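Q: Under UniProt numbering, the first residue of the sequence shown carries the number 1, and numbering increases by one thereafter. Where is the CB? At the ideal position from N, CA and C, for every residue including glycine. The structure displayed is predicted, hence computed values, not measured ones.
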Amino acid sequence: MNVVVVESPAKAKTINKYLGSGYKVLASFGHVRDLPAKDGSVLPDEDFAMSWEVDTASNKRLKDITDALKGADNLILATDPDREGEAISWHVLEVLNKKKALKDKTVSRVVFNAITKKSVLDAMNAPRQIDTPLVDAYLARRALDYLVGFNLSPVLWRKLPGARSAGRVQSVALRLVCDRESEIERFTAEEYWQISAELKTPRGDGFTARLTAHDGEKMTRMSVTGGDRAGRIKEMLEGASFVADSVEAKPTRRNPPAPFTTSTLQQAASSKLGFNASRTMQVAQRLYEGIDIGGETVGLITYMRTDGVQMAPEAIEEARTAIVSRFGERYRPDQPRIYTTKAKNAQEAHEAIRPTGFERAPDDLKRYLDDDQWKLYDLIWKRAIASQMASAEIERTTVEITAKKGGETAGLRATGSVIRFDGFIAAYTDAKEDGEQPDGDDEDNARLPEINAQEALAREKINATQHFTEPPPRYSEASLIKKMEELGIGRPSTYASTLATLRDRDYVTIDKRRLVPEAKGRLVIAFLENFFERYVEFGFTADLEEKLDRISAGELAWKDVLREFWTEFHAHIDETKELRVTQVLDALNEALAPLVFPTREDGSNPRICPTCGTGNLSLKLGRYGAFVGCSNYPECNYTRQLSNDQSEAEAALSNEPKDLGKDPHTGEPITLRSGRFGPYVQRGDGKEAKRSSLPKGWAPDSIDHEKALALINLPRDIGQHPETGKMISAGLGRYGPFVLHDGTYANLESIEDVFSIGLNRAVTVIAEKKAKGPGRGRGTPAALKSLGEHPDGGEVTVRDGKYGPYVNWGKVNATLPKDKVPTEVTLEEALELITAKAGASGKKAPAKKAAAKKAPAKKAAAKTDGAKKAPAKKTAAKKKPAAKAKKD
Numbered sequence: 001m002n003v004v005v006v007e008s009p010a011k012a013k014t015i016n017k018y019l020g021s022g023y024k025v026l027a028s029f030g031h032v033r034d035l036p037a038k039d040g041s042v043l044p045d046e047d048f049a050m051s052w053e054v055d056t057a058s059n060k061r062l063k064d065i066t067d068a069l070k071g072a073d074n075l076i077l078a079t080d081p082d083r084e085g086e087a088i089s090w091h092v093l094e095v096l097n098k099k100k101a102l103k104d105k106t107v108s109r110v111v112f113n114a115i116t117k118k119s120v121l122d123a124m125n126a127p128r129q130i131d132t133p134l135v136d137a138y139l140a141r142r143a144l145d146y147l148v149g150f151n152l153s154p155v156l157w158r159k160l161p162g163a164r165s166a167g168r169v170q171s172v173a174l175r176l177v178c179d180r181e182s183e184i185e186r187f188t189a190e191e192y193w194q195i196s197a198e199l200k201t202p203r204g205d206g207f208t209a210r211l212t213a214h215d216g217e218k219m220t221r222m223s224v225t226g227g228d229r230a231g232r233i234k235e236m237l238e239g240a241s242f243v244a245d246s247v248e249a250k251p252t253r254r255n256p257p258a259p260f261t262t263s264t265l266q267q268a269a270s271s272k273l274g275f276n277a278s279r280t281m282q283v284a285q286r287l288y289e290g291i292d293i294g295g296e297t298v299g300l301i302t303y304m305r306t307d308g309v310q311m312a313p314e315a316i317e318e319a320r321t322a323i324v325s326r327f328g329e330r331y332r333p334d335q336p337r338i339y340t341t342k343a344k345n346a347q348e349a350h351e352a353i354r355p356t357g358f359e360r361a362p363d364d365l366k367r368y369l370d371d372d373q374w375k376l377y378d379l380i381w382k383r384a385i386a387s388q389m390a391s392a393e394i395e396r397t398t399v400e401i402t403a404k405k406g407g408e409t410a411g412l413r414a415t416g417s418v419i420r421f422d423g424f425i426a427a428y429t430d431a432k433e434d435g436e437q438p439d440g441d442d443e444d445n446a447r448l449p450e451i452n453a454q455e456a457l458a459r460e461k462i463n464a465t466q467h468f469t470e471p472p473p474r475y476s477e478a479s480l481i482k483k484m485e486e487l488g489i490g491r492p493s494t495y496a497s498t499l500a501t502l503r504d505r506d507y508v509t510i511d512k513r514r515l516v517p518e519a520k521g522r523l524v525i526a527f528l529e530n531f532f533e534r535y536v537e538f539g540f541t542a543d544l545e546e547k548l549d550r551i552s553a554g555e556l557a558w559k560d561v562l563r564e565f566w567t568e569f570h571a572h573i574d575e576t577k578e579l580r581v582t583q584v585l586d587a588l589n590e591a592l593a594p595l596v597f598p599t600r601e602d603g604s605n606p607r608i609c610p611t612c613g614t615g616n617l618s619l620k621l622g623r624y625g626a627f628v629g630c631s632n633y634p635e636c637n638y639t640r641q642l643s644n645d646q647s648e649a650e651a652a653l654s655n656e657p658k659d660l661g662k663d664p665h666t667g668e669p670i671t672l673r674s675g676r677f678g679p680y681v682q683r684g685d686g687k688e689a690k691r692s693s694l695p696k697g698w699a700p701d702s703i704d705h706e707k708a709l710a711l712i713n714l715p716r717d718i719g720q721h722p723e724t725g726k727m728i729s730a731g732l733g734r735y736g737p738f739v740l741h742d743g744t745y746a747n748l749e750s751i752e753d754v755f756s757i758g759l760n761r762a763v764t765v766i767a768e769k770k771a772k773g774p775g776r777g778r779g780t781p782a783a784l785k786s787l788g789e790h791p792d793g794g795e796v797t798v799r800d801g802k803y804g805p806y807v808n809w810g811k812v813n814a815t816l817p818k819d820k821v822p823t824e825v826t827l828e829e830a831l832e833l834i835t836a837k838a839g840a841s842g843k844k845a846p847a848k849k850a851a852a853k854k855a856p857a858k859k860a861a862a863k864t865d866g867a868k869k870a871p872a873k874k875t876a877a878k879k880k881p882a883a884k885a886k887k888d
């Protein structure tokens, strides 16, 4: 019996069918061990010793493998054919050796680039041992990412509240996005004019020609920068005669693009299918692992994490055969095409991403695949087969035209192209993958009519159009991946996870498929560029990637690379302990001036407080992150949220309320305001005024009297429940819109539902929520509303528990009266309930606070030998909850 270990259960099922009864194929479900998310998992002072941890789920997988080995002769490690796959095999082997589960069993490693019967059987006949340099490269990468994350992130937490994490690759990717935003902010538009002539041949066929010269001066796009000159040239051309000086037709050839790599697949899937990187890789994984095709499970594509562009010789022959049968003999070139990798620091020599069988055309498989799978397979199949097809033959025609009026002359040019033989274009059109630029002028792609040299041309119309230069576009996911690949930053297996991390950390958002850096992300990068510049340099990160690749090639010792990095990095971290918050703020004010101090329409100094007129505005760091405040605080309480959408209209709201009218029932004024946590509407004045934050997606300049009144009057009574007779209401809480009935909250899909939902729908939503139960049965219910700080410290919140809504402070939970609407509870009311509850039960919620105050005493005690261990345990426990933020 042979035990085979692969990564996924889908792959295990497919491979088991290929190998037969003499094999038992088990899945590891990815990595079986990881570094614990706490300090001390990597110990630089102990020669970078690494502590690995097996989670509960992985323990079960490893037990299954151990049990299967009891009656087996051989263990075959068949995880994915890359650095991560090699590492998983190494981890499995390490654990089994510790369990003494191998004894006299033979252990071998096999790799296959495609999950087809032939590929798997061929791999089984060519076993090898674990590739130690590949594992070393994995260990170095994992240790580096851990050391950067667990040492740099705490610096951010201390010096830049609100920032969540920094990482070796994620921070450099974020810098690219932020640098592009800075370019856009610095950009100054320049005016230019384009002049063209609509002409006709003697045969009546029309075409367009553009100005290329005027009175001996060569004209470029930016030559005509004013309307006066454009008008003079237009006037001259309107009275000129036109002659075609020369007509030149040149044949050109367009060669097909290479088959897909991970990067180019993600770019093309984004451009053509609208898939983000994560979605692309998830669908590709399924195609690789196997699809049931008429009762047989077959892997449809080769391994999808690769930067190789070459196909196996047998695959090339398959493609050439398929080209003849599907397109014709002329579409197959005389010789196979050979491609070489252009990506910087390309690693393991994997094949490009291609179909495992070119005979399986996309249309033949459509009934077996879901929509996403079919679209991606169609893209991969067409690109791969096109890569071996004949070049497209194109005839490009250029017509040079002279215009004369008296002694004044001008030159114009018309261009067009005609596809004489489509070649590979019959299978795949290689449009720009990143969508950054158009494929050229429309005139270049149009077909010109018959034009003869020296013949006169008739003028139909002269156009002079005004244009302005545009800033560089924001990155899309596709173009960012392309840029990272060009710079040598990250690897095929990291692109999708890196982009997902930036989104999850709220460092970037996606707007119309473009990456927009959030204020939080720009703060992090500004901080790193000022105080950790070396570690967000593109060259430094790329050089480190190259060293990791040299480790995988056996050219460098992995611990030597770690020592070199750690010595300088650790010293830099220590230097930041002396860094004062004022130094940080001064640097950020300077670096982020366009974001923090946007230009004002009246031209006044954007750093002068608009409320008091004497104070200077500056970034301030609060518990929930950065905001803009006045230097005259507390005399002047001007504050403004730091946001990318810092329009003058919103900025003007700070402490300068916008009058929206009066409440028709109370007569109180309703105003639109902006506070530290964003814009809100308010009815009345003083502490008793009713307030409501603007829902996400509602812009301040869109708020009118009607919308403000609707928000202020929430929660809204919908009607009585037909069974209980109790009122159902709709409202807006901290975590979004909801309906409430008899202590049961149910989420609504949008804020608009709060104002429009009817009784029948509300009853259904409540019933669905009750059917699901109060939650997952573990942990504290999420807060419905934060009421503020308790006088003794700690947040006071309103929550919805199993037995109804209650207020919470520390360990004290006080049930709300049945007639009290949870979202209308005030801090004062909550404090009374908490005080009464704490007194009745004898609970001492402030104990947490007291314990925190005693911490310095423990620190002092740590100087004695007998007290060293306790503080260390305390520190590790503090950092554990945020640990997941550190992995690239």
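Please state the DSSP three-state secondary structure of D800.
A: The answer is strand: DSSP assigns D800 an E or B state.
Q: Determine the direct distance from the alpha carbon of T66 to that of K100, and round the result to whole angstroms.
A: Approximately 9 Å between the Cα atoms of the pair.
Q: Would you call D549 buried or exposed, if buried means 16 or more other Cβ atoms sit within 10 Å of its Cβ?
A: So D549 ends up on the buried side.
Q: Excluding the five sequence neighbours on either side, which residues of its own chain have a C-beta within less than 7 Å of the C-beta of D136, listed in chain order?
A: Closer than 7 Å at the Cβ level, and outside the excluded window around D136, lie I551, W558.
Q: Secondary structure at R459, three-state DSSP: helix, strand or coil?
A: Note: R459 maps to strand in three-state DSSP.
Q: Among A426, Y507, R683, which has the Cα closest to the Cα of E181?
A: Of the candidates A426, Y507, R683, the one whose C-alpha sits nearest the C-alpha of E181 is Y507.
Q: Quick one: what's T302 bridged to in DSSP?
A: Looking at the DSSP assignment, T302 forms a beta bridge with A114.
Q: Within its chain, find whatever has a CB closer than 6 Å to the CB of L152; leave out the 5 residues flanking it on each side and keep chain order.
A: Cβ neighbours of L152 beyond the five flanking positions: A166.
Q: For E477 and N747, which I take to be in contact (beta-carbon distance under 8 Å), what is that distance rounded to the nearest angstrom?
A: With 8 Å as the limit, E477 and N747 do not qualify as a contact, their Cβ atoms being about 29 Å apart.
Q: Pick from I115, V54, N632, Q194: whose alpha carbon is nearest that of I88?
A: Ranking the options by Cα distance to I88, first place goes to V54.
Q: Pull up the distance between the alpha-carbon of A322 and that of R330, whole angstroms please.
A: Going from the Cα of A322 to the Cα of R330 covers about 13 Å.
Q: Go through the region 309–395 residue by residue and report every complete run of the alpha helix (DSSP H) that reaches 4 residues or more, in order.
A: Runs of the alpha helix (DSSP H) inside the region 309–395: 313–327, 362–365, 371–386.
Q: For I233 versus H214, is the C-beta spacing smaller than 8 Å?
A: Contact: yes.
Q: Taking the alpha-carbon of L147 as reference, which of E568, P657, A838, A593 has the nearest alpha-carbon?
A: Nearest C-alpha to L147: E568.
Q: Give the DSSP-derived three-state secondary structure of A258 in the structure shown.
A: In the structure shown, A258 sits in coil (DSSP, three-state: anything other than H, G, I, E or B).
Q: Taking the C-alpha atoms as reference points, what is the distance between T106 and N97?
A: Rounded to the nearest angstrom, the two C-alpha atoms are 12 Å apart.
Q: Counting only runs of 4+ residues fully inside the region 446–493, write out the alpha helix (DSSP H) ranges in chain order.
A: With a minimum length of 4 residues, the continuous alpha helix (DSSP H) runs that stay inside the region 446–493 are 477–487.
Q: Assuming I338 contacts A392 (C-beta within less than 8 Å), just tell me the rounded distance between them.
A: Contact flag wrong, Cβ pair sits at about 19 Å.
Q: Using only CA atoms, which one of W698, T639, K707 lies nearest to T671?
A: Selected option, being the one with the closest Cα: K707.
Q: Have a look at V418 and I462 and give me their C-alpha separation to the nearest angstrom.
A: C-alpha separation (whole angstroms): 26 Å.
Q: Check each candidate in V739, A390, K382, G788 and name the one with the smallest Cα separation from T764.
A: Comparing Cα-Cα distances from T764 to each of V739, A390, K382, G788, the minimum goes to V739.
Q: Expressed to the nearest angstrom, what Euclidean distance is found between the alpha-carbon atoms of Y18 and L121?
A: Approximately 8 Å between the Cα atoms of the pair.
Q: Comparing alpha-carbon positions, which option in T79, R332, L176, V172 lies nearest D131?
A: Checking every option, the nearest Cα to that of D131 belongs to T79.
Q: Quick check: what's the CA-CA separation for G20 versus K118?
A: Near 14 Å, if we compare the C-alpha coordinates of K118 and G20.
Q: Which residues in the same chain as R513 place their Cβ atom closer than 7 Å to its Cβ, once the five residues preceding and following it in sequence are excluded?
A: Taken in chain order, the residues that qualify are S476.
Q: Give me the residue from L75, D742, I15, K159 with the minimum Cα distance to T576.
A: Of L75, D742, I15, K159, the residue nearest in Cα terms is K159.
Q: How should R33 be labelled, buried or exposed, when 16 other C-beta atoms within 10 angstroms of its C-beta is the threshold for buried?
A: The residue in question, R33, is buried, as its Cβ has 16 or more Cβ neighbours within 10 Å.
Q: Kindly indicate the opening and closing residues of the alpha helix (DSSP H) around N747.
A: Here N747 belongs to no alpha helix (DSSP H); instead the beta strand (DSSP E) covers 744–747.
Q: Determine the closest residue to P598 out of L199, Q583, L619, T614, with distance taken between C-alpha atoms.
A: Of L199, Q583, L619, T614, the residue nearest in Cα terms is L619.
Q: Could you say if the region 586–595 and the region 58–73 meet the contact criterion of at least three C-beta pairs nearer than 8 Å?
A: Cβ pair count under 8 Å is below three, so no.
Q: Between E545, A57, L499, which lies nearest to I489 when the distance is taken from Cα to Cα?
A: Nearest option by C-alpha distance: E545.
Q: Label E828 either buried or exposed according to how many other C-beta atoms from any shown protein chain fall within 10 Å of its C-beta, with 16 as the threshold for buried.
A: Burial call: exposed.
Q: Can you tell me which of L102, M124, D104 puts its alpha carbon nearest to the alpha carbon of V111?
A: Among L102, M124, D104, the Cα nearest to that of V111 belongs to M124.
Q: Taking only the alpha-carbon atoms, compute the straight-line gap between residue 890 and V561 and give it to the nearest angstrom.
A: This structure cannot settle anything about residue 890, because the visible part of the chain is limited to 1 through 888.
Q: What residues in its chain sit with their C-beta under 7 Å from that of P259, if we drop five residues either side in the sequence?
A: Closer than 7 Å at Cβ, skipping near neighbours: V309, M311, A352, I353, R354, R383, A384, S387.
Q: CA-CA distance, P610 and L595?
A: If I take the Cα positions, the gap works out to 17 Å.
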